[in-house]
Amino acid sequence: MQSHYPASFEREMGCTEREWLSWLPGAVREHVLTLSAGQAVVAIGTGRLLLHWQALPPRQIALARFPRLAVSFRFEELDDAARQNFMRYFDLYLQRGGG
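Just so you know, this note's numbering puts 139 at position 91 of the sequence shown, and the rest follows in order with no gaps.
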């Protein structure tokens, strides 16, 4: 899990688009979430987070196949503290077992 969150970054998520879409409402808490094909806007105070994603080919290890999603995060008009606060909860919510 990242401890500093720049205004713009990309991640590879180990999930399907369907899983991602089911997790997003809880991960953004009370913030307004607007979804459209392959993207979302999260209203955070007077700023916002723009999310874009696309499915990647599954990662294969021996006979196991794992889904992957490339996700782009871009914060607009949010200061560093607000970004850090939002992402700490977002990451904690999306944490699945293990780490």
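Built from N, CA and C at the ideal position, the CB exists for glycine as well.
Where residue i falls: helix, strand or coil (DSSP)
i    : result
P73  : helix
E65  : helix
H52  : coil
G95  : strand
E125 : coil
L111 : coil
A118 : strand
E78  : coil
A85  : coil
N- and C-terminal bounds of the alpha helix (DSSP H) containing residue i
i    : result
R136 : D128 to L142
Burial state of residue i, where buried means 16 or more other Cβ atoms lie within 10 Å
i    : result
A92  : First, the amino acid is wrong: residue 92 is Ile here, not Ala. Under this definition I92 is a buried residue.
Y137 : exposed
V76  : buried
Inset, instruction - Flag this pair as touching only if the segment 78-86 and the segment 123-132 have three or more C-beta atom pairs under 8 Å; answer yes or no. - result: Contact annotation: the segment 78-86 does not touch the segment 123-132, with fewer than three C-beta pairs closer than 8 Å.
Legend entry - Segment contact flag, the segment 51-64 with the segment 113-126, C-beta cutoff 8 Å, min 3 pairs: yes
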